[in-house]
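Numbering (the numbering used here), first residue to last: 842 to 1677.
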């Protein structure tokens, strides 16, 4: 899940999942680098309304939202914060606990003709008993035949004109992906000429799902029915939520009553004048996904049918009369209590503390399958690639949510370890892992992506952690046009270019490399084309590869680069290495400002997953100009979102001072591409904030910048020496914003700097003093501003830096964090809350 916050005051509607929103809200954003986690927490945790759809499926997260709402209260804050935050629950099956304050229909609503016909529509469902032991092969065949038989019965039902749908839309809903695939293949084999068949599972890449959902348009609620032949949809329980379709027939596997209620909500949804067909196939046996709940549901259905003297149960909204007892409903887990001490730990993101609260418990409860990860397939990488090489590649062409499938960790491990069948036995709901993992000894390595960080590396399946984003070579297979298919060994299709198209007007990158070339071009042709470019300039290289017979989508993407904004184009040749003849094997083209479009969209780069793209303007920007621009933007945004005058002053000031640390002579030499003559300190235009060259990490060592050196730490030191710092209304907040604007210093920085022990000469810009005396920076214990040392220390944390103490009570989060500060007043603990 990514979005563009180049305009924070712009309202935005985000469609996401419990895992993606919940992990971000709790400072542990899945697939987000540690340095960007607090930014996502601020965006979700402030000035935000969360609409929790299908809330009956997310009880633990609902309880966690209750706790977050409590900590948003004034009792947990030092100062009043104007930005609102809240959540609302949306569900057709709220349960007794949530019904007390539910917004429900009144008589006026029920009198509406459209709503009235939907509420009163009859939905009779016949009960069909299945064999008990579904694990035996002969039983599986019987089950498949039972479902197929019901399809033919439904077709026969609608042969009678009085039933109202000559070419019906029929859905077959089962509880596991593997069962859905088997049925789909069987139905397609038997009926592909008689009917349009489609498979819909929840575990699918969004860019693939878009095409599938377009095929559902003819059966959307309210759509005029123009089906030329019957439409057969095979699906998992993913249709229970977020799929607005209107079916003529529903054939479903038994499930808990609340799940069945949701499925039947898709049958004659619009209350059309038809006689629908429905069947529930079940047994009293324990279900793989729902456990005992489906047994109790089946018994309840049989009892109601018996009481009415027939094998039919009415599922119409108003006519449904089956008692909704808890044992027959989907099991709802409880989340643990979210304590202030947990918030203290969660708000620390650089580095992540140990121990660290397990956030999956707050999202899914203790007994549900909580370990969700995101899987992405790329065709241009394999395990021979070095980790630094892939990190550079992914910084230019980042993995995006639109090309990812969110899957249970255990299923992915099974798949990678060769246990493909077990990997396919999952449902599209959170549930206990009922399968025993069986290792085959064959472990395919994957690349864990955590941004531009050493934690982004090749790992074995057993090293994958909950919330990880992993990128696998497309040669592993495991996915097809419909979604997750661990039985498939054919190489996967790389959809990264499609996923990136939404951001094309802001930043646009195109890869031309082995694995992406199609059948008409081989790696030899590409290497030869790149070698024929005499000067290897970006536009020259682009013309060279456009001359190849590349796949249509890739050719269109290369053509789009000719419309790069400001005619700014970069080409990276070293990312794919060289062949035996020392020729480059591939190239990545980047239009850092994006490409022109008819919409002429304005805005900056998408930088919610890392801030690397903001460092690629394509031309040098002086520090004075950049600082003034950021100050102006900070003021505009602060006014637009309604902050107080004091907050606006502090944000403006922080914006002006935030990059002062870039005046470091080594950093300036790096920005000037290692110029041995150094920088003219008297020429303000030569002191840069952004370089006009690609930022090569190898140059950092050559200019003697310490490993992991962060300019923000030096910015904090210099800021307190400037005249403008006296403008601060809340000096600690200003320093906090300066020191953490790249996500480090929460609470620790990753570097040490011997230059802090030396006198620094500063350039004559921005009102800086002529020199900075030797002294400790906020990355060390010796840092002291305004006599803070000795006054307080962070209880329960490593006292490596006083900036950690500042962090404790000025979290850049958007919602409050409770911490304990030990003061010298009798050694008592004084609890304070914070919000910034």
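Think of the CB as a built atom: it goes at the ideal place given N, C-alpha and C, for glycine as much as any other residue.
- For residue 1203, the enclosing alpha helix (DSSP H) has its first and last residue at 1201–1205.
- At a Cβ-Cβ threshold of 9 Å, residue 1077 and residue 984 do not count as neighbours.
- Between residue 1258 and residue 1215, the CB-CB gap reaches or exceeds 9 Å.
- Using a Cβ distance threshold of 9 Å, residue 1335 and residue 1219 count as a contacting pair.
- Residue 1123 is bridged by DSSP to 970.
- Linking residue 1478 to residue 887 through their CA atoms gives a straight-line distance of about 14 Å.
- Here DSSP, grouped into helix, strand and coil, assigns residue 1290 to strand.
- Around residue 1505, the same chain offers 1552, 1555 as residues with beta carbons nearer than 7 Å, after the five sequence neighbours per side are excluded.
- Apart from the 5 residues on each side of it in sequence, residue 1165 sits with its Cβ closer than 6 Å to the Cβ of 1098 in its chain, given in chain order.
- The alpha-carbon of residue 1301 is positioned some 50 Å away from that of residue 1525.
- Straight-line spacing of the CA atoms in residue 1406 and residue 1437 works out to 6 Å.
- Scanning the segment 1019–1075 from its first residue to its last, the whole beta strand (DSSP E) runs of 3-plus residues come out as 1037–1041.
- A distance below 7 Å between beta-carbons, with the five flanking residues on each side excluded, links residue 1057 to the following residues of its chain, in chain order: 1086.
- Residue state for residue 1302 is assigned as helix, using DSSP reduced to three classes.
- For residue 927, the uninterrupted beta strand (DSSP E) run begins and ends at 926–931, by DSSP.
- Rounded to the nearest whole angstrom, the C-alpha separation of residue 963 and residue 972 is 29 Å.
- Listed in chain order, the non-local C-beta contacts of residue 872 below 6 Å within the same chain comprise 1215, 1310, local neighbours out to five positions each way being set aside.
- DSSP places residue 1218 inside the beta strand (DSSP E), whose first and last residues are 1213–1219.
- Within the segment 1093–1172, the beta strand (DSSP E) runs of at least 3 residues that lie entirely inside it are, in chain order, 1118–1123, 1153–1155.
- Taking the CA atoms as reference points, residue 1013 sits about 21 Å from residue 1132.
- Residue state for residue 1314 is assigned as strand, using DSSP reduced to three classes.
- Taken through DSSP and simplified to helix, strand or coil, residue 1425 comes out as strand.
- Within 10 angstroms of the beta-carbon of residue 1100 lie 16 or more other beta-carbons, which makes it buried.
- Residue 1240 and residue 1049 have their C-alpha atoms some 16 Å from each other.
- Rounded to whole angstroms, residue 874 and residue 1189 show a C-alpha spacing of 13 Å.
- For residue 1521, the three-state secondary structure derived from DSSP is coil.
- Assignment of residue 1491 by DSSP, reduced to helix, strand and coil, places it in the helix class.
- Between residue 1072 and residue 1011, the C-beta gap is smaller than 9 Å, which places the two residues in contact.
- Excluding its 5 nearest sequence neighbours in each direction, residue 1093 has C-beta neighbours in its own chain below 6 Å: 1014, 1104, 1121, listed in chain order.
- In the three-state DSSP reduction, residue 1502 falls in the helix class (H, G or I).
- When the alpha-carbon of residue 1609 is set against those of 1329, 1560, 1594, the nearest one is in 1560.
- Taking 8 Å as the upper bound for CB-CB distance, residue 1370 and residue 1385 are in contact here, some 5 Å apart.
- Here the alpha carbon of residue 1329 sits roughly 46 Å from the alpha carbon of residue 1533.
- For the pair residue 1286 and residue 1222, the CB atoms are not nearer than the 9 Å cut-off.
- Apart from sequence neighbours up to five positions away, the residues of its chain that approach residue 1095 with a beta-carbon distance below 6 Å are 1121, 1123, 1135, 1139, ordered along the chain.
- In the DSSP annotation of this structure, the continuous segment of the beta strand (DSSP E) that includes residue 1246 starts and ends at 1245–1249.
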